[in-house]
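What follows is a single structure, written as structure tokens, with notes after it.
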Amino acid sequence: MSVGYYTPTKVVFGKDAEDKAAEMLQEFGATKVLVHFGSGSVKRTGLLEKVEKNLSDSGIGYVELGGVVPNPRVSLVRTGIEMVREEDIDFILAVGGGSVLDSAKAIGYGAYGGGDVWDFYCGKRTVKGTIPVGAILTLAATGSEMSDSSVITNDETDPVYKRGVNSDFGRVKFALLDPELTYTVSAYQTACGATDIMMHTLERYFHQGDSLDFTDELSFTLLREVIKWAPVALEKPDSYEARANIMWCGTLSHNGLMAVGNSTKGDWACHQIEHELSAEHDVAHGAGLAAVWGSWARYVLETDPQRFAKLGQGVFGESDPEKTIEKFEEFFRSIGMPTDIKGLGLEFGEEECRTAALGVTFGNARTIGNFKVLETEDIYHIYMMASGL
Ligand code: NZQ
Ligand code: ZN
Numbered sequence: 003m004s005v006g007y008y009t010p011t012k013v014v015f016g017k018d019a020e021d022k023a024a025e026m027l028q029e030f031g032a033t034k035v036l037v038h039f040g041s042g043s044v045k046r047t048g049l050l051e052k053v054e055k056n057l058s059d060s061g062i063g064y065v066e067l068g069g070v071v072p073n074p075r076v077s078l079v080r081t082g083i084e085m086v087r088e089e090d091i092d093f094i095l096a097v098g099g100g101s102v103l104d105s106a107k108a109i110g111y112g113a114y115g116g117g118d119v120w121d122f123y124c125g126k127r128t129v130k131g132t133i134p135v136g137a138i139l140t141l142a143a144t145g146s147e148m149s150d151s152s153v154i155t156n157d158e159t160d161p162v163y164k165r166g167v168n169s170d171f172g173r174v175k176f177a178l179l180d181p182e183l184t185y186t187v188s189a190y191q192t193a194c195g196a197t198d199i200m201m202h203t204l205e206r207y208f209h210q211g212d213s214l215d216f217t218d219e220l221s222f223t224l225l226r227e228v229i230k231w232a233p234v235a236l237e238k239p240d241s242y243e244a245r246a247n248i249m250w251c252g253t254l255s256h257n258g259l260m261a262v263g264n265s266t267k268g269d270w271a272c273h274q275i276e277h278e279l280s281a282e283h284d285v286a287h288g289a290g291l292a293a294v295w296g297s298w299a300r301y302v303l304e305t306d307p308q309r310f311a312k313l314g315q316g317v318f319g320e321s322d323p324e325k326t327i328e329k330f331e332e333f334f335r336s337i338g339m340p341t342d343i344k345g346l347g348l349e350f351g352e353e354e355c356r357t358a359a360l361g362v363t364f365g366n367a368r369t370i371g372n373f374k375v376l377e378t379e380d381i382y383h384i385y386m387m388a389s390g391l
């Protein structure tokens, strides 16, 4: 098997990158824009005002849709789709973190494709096109600014579902990456972001089949850089060097680079196991990943201890597989991340573990993972381990 690498996104990286918004929109032919944002940070920082002035000064019309929440909801996506139709919008500008970007992508799919937008997320229909999307990123974490992914939570069902769709139509036209915009991100979200960035590389590193040594080495460098700079960003939130290194690591960690030469796209089990937690309990994605990764790692370790040894050597100069897992967990804890489910503020017993495991496999309808293929029973054990049971 082989893995594709497709990165059509135009990136502007550096101070004041957001000032290029109007220029980029014009380059991509936008005439009327939906400016999409979250629950208030872009208003508090003055970014929204600055961007809208930039658009007005260039004669670009726009309407606003704010209110995206973490683990973005399909209900707001539906509102956005209506607005795109009613207002003749031909471009969506996402100003915010991964949740805003993912919501913008969903609006793009729904407005282009018609019908029920949830169809794309529950696998009933394939995305065939989109209203183009551009991004001004304010939080380094998900890599949505170059990834093919959008993850949406359906708040209209019981139980609540959180589902992702991968499509090259989800790759945004442009991404404006100004590390200074991330100075105001809270310590908790900074740590969640750092964890998510590391996990996007770790998920690709753990897979069955051939690996490219160069890609492995790039992965180790990326992980070492996040481990180096996240504590600096926590200590000094306005360290440009720390924020810039983390931001670029975040983008490259999830644009496909870290899987080139490998025979598969990676494992991704931890993401599936986490998504079940953030769907039902609305926890932050990065924290959920930190809470389950160590348990997953111990559960799958015997599949290929050498892979863990190479990782440990490359990142920590420590080739003992068990110690490698401990070192990652120590790092997560050092930046304030939980390494078990209790640390997320959740009380999981056997029943909760069983329900969550069935949720991950859609009621025994699928397996997850590639490094080690996991069935419901395996996932149940991982949740139990992560719950200290
Ligand atoms: O809503 P506002 O007020 O903007 O506040 C947000 C939010 O409360 C705040 N924030 C963002 N930028 C800020 C800021 N606060 C101060 N200053 C700033 N500059 O941070 C909070 C979290 O934002 P959110 O966008 O939810 O975080 P993140 O970027 O981590 O996105 C998480 C979502 O992305 C999905 C996750 O599952 C989750 O739903 N993912 C998307 C992926 C993708 N599209 O490729 C891949 C990931 O694996 C992930 O699954
Ligand atoms: Zn992630």
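If you read the sequence shown in our numbering, its first letter stands for residue 3, the second for the next number, and so on.
Backbone N, C-alpha and C define an ideal beta-carbon position, used for all residues, glycine too.
Since the model is a prediction, treat every value here as computed from it, not as a measurement.
Can you name, in chain order, every residue of its own chain whose Cβ lies under 8 Å from the Cβ of residue i, other than the five neighbours on each side?
{"i": "Gln-28", "result": "Ser-60 and Ile-62"}
{"i": "Ser-77", "result": "Asp-157 and Glu-158"}
{"i": "Val-5", "result": "Gly-258, Ala-261, Val-262, Gly-263, Asn-264, Ser-265, Thr-266 and Lys-267"}
{"i": "Ala-24", "result": "Asn-56, Leu-57, Asp-59, Ser-60 and Ile-62"}
Can you tell me which of the three DSSP states residue i falls into?
{"i": "His-209", "result": "coil"}
{"i": "Ser-152", "result": "strand"}
{"i": "Ala-96", "result": "strand"}
{"i": "Phe-373", "result": "coil"}
{"i": "Lys-164", "result": "strand"}
{"i": "Gly-136", "result": "strand"}
{"i": "Glu-66", "result": "strand"}
{"i": "Lys-107", "result": "helix"}
{"i": "Leu-254", "result": "helix"}
{"i": "Phe-216", "result": "helix"}
{"i": "Pro-239", "result": "coil"}
{"i": "Tyr-382", "result": "helix"}
{"i": "Trp-270", "result": "coil"}
{"i": "Lys-392", "result": "This structure gives no information on residue 392, because the portion of the chain shown stretches from 3 to 391."}
{"i": "Thr-144", "result": "coil"}
{"i": "Thr-47", "result": "coil"}
{"i": "Tyr-7", "result": "coil"}
{"i": "Tyr-114", "result": "helix"}
{"i": "Ser-321", "result": "coil"}
{"i": "Val-187", "result": "coil"}
Keeping to the same chain, check which residues put their C-beta closer than 7 Å to that of residue i; ignore five residues upstream and five downstream.
{"i": "Gly-345", "result": "Ala-293"}
{"i": "Ser-151", "result": "Gly-166, Asn-168 and Gly-172"}
{"i": "Gly-338", "result": "Ala-189, Tyr-190 and Ala-193"}
{"i": "Asp-2", "result": "For the chain, the structure presents residues 3 to 391; residue 2 sits outside this window and is missing."}
{"i": "Arg-75", "result": "Thr-155 and Asp-157"}
Can residue i be considered in contact with the ligand HEM, in the sense that its beta carbon sits closer than 7 Å to one or more heavy atoms?
{"i": "Asn-257", "result": "Ligands displayed in this structure: the ligand NZQ and the ligand ZN; the ligand HEM is not among them."}
Alpha carbon to alpha carbon, what distance is there between residue j and residue i?
{"i": "Cys-355", "j": "Tyr-382", "result": "6 Å"}
{"i": "Tyr-185", "j": "Pro-239", "result": "5 Å"}
{"i": "Glu-331", "j": "Ala-246", "result": "24 Å"}
{"i": "Ser-146", "j": "Gly-390", "result": "33 Å"}
{"i": "Asp-269", "j": "Asn-372", "result": "4 Å"}
{"i": "Asn-366", "j": "Leu-360", "result": "6 Å"}
{"i": "Phe-318", "j": "Lys-329", "result": "8 Å"}
{"i": "Arg-87", "j": "Ile-199", "result": "35 Å"}
{"i": "Ile-384", "j": "Gly-131", "result": "38 Å"}
{"i": "Ile-229", "j": "Ala-106", "result": "30 Å"}
{"i": "Gln-315", "j": "Thr-326", "result": "8 Å"}
{"i": "Glu-320", "j": "Phe-310", "result": "10 Å"}
{"i": "Asp-180", "j": "Pro-307", "result": "39 Å"}
{"i": "Ile-248", "j": "Tyr-207", "result": "19 Å"}
{"i": "Leu-279", "j": "Ala-286", "result": "9 Å"}
{"i": "Val-129", "j": "Thr-11", "result": "18 Å"}
{"i": "Asp-118", "j": "Gly-112", "result": "7 Å"}
{"i": "Leu-313", "j": "Phe-222", "result": "7 Å"}
{"i": "Gly-252", "j": "Ala-289", "result": "16 Å"}
{"i": "His-273", "j": "Ala-281", "result": "12 Å"}
{"i": "Asp-121", "j": "Arg-127", "result": "5 Å"}
{"i": "Val-174", "j": "Glu-379", "result": "38 Å"}
Spatial neighbours of residue i within its chain, please: C-beta separation below 6 Å, excluding the five flanking residues on both sides.
{"i": "Ser-58", "result": "none"}
{"i": "Ile-343", "result": "Ala-293, Phe-350, Ala-388 and Ser-389"}
{"i": "Gly-40", "result": "Val-70, Gly-98 and Val-102"}
{"i": "Val-234", "result": "Ser-241 and Ala-244"}
{"i": "Gly-110", "result": "Ile-94, Thr-132, Ile-133 and Val-135"}
{"i": "Met-386", "result": "Cys-355"}
{"i": "Tyr-301", "result": "Ile-384"}
{"i": "Val-187", "result": "Leu-141"}
When DSSP builds the beta bridges, which residues end up paired with residue i?
{"i": "Ala-177", "result": "Val-13 and Ala-137"}
{"i": "Arg-75", "result": "Thr-155"}
{"i": "Val-35", "result": "Tyr-64 and Phe-93"}
Let me confirm a value: residue i is counted as buried when at least 16 other C-beta atoms fall within 10 Å, else exposed. Which label applies?
{"i": "Met-3", "result": "exposed"}
{"i": "Gln-210", "result": "buried"}
{"i": "Thr-81", "result": "exposed"}
{"i": "Glu-205", "result": "buried"}
{"i": "Ser-297", "result": "buried"}
{"i": "Ser-336", "result": "exposed"}
{"i": "Glu-276", "result": "buried"}
{"i": "Glu-352", "result": "exposed"}
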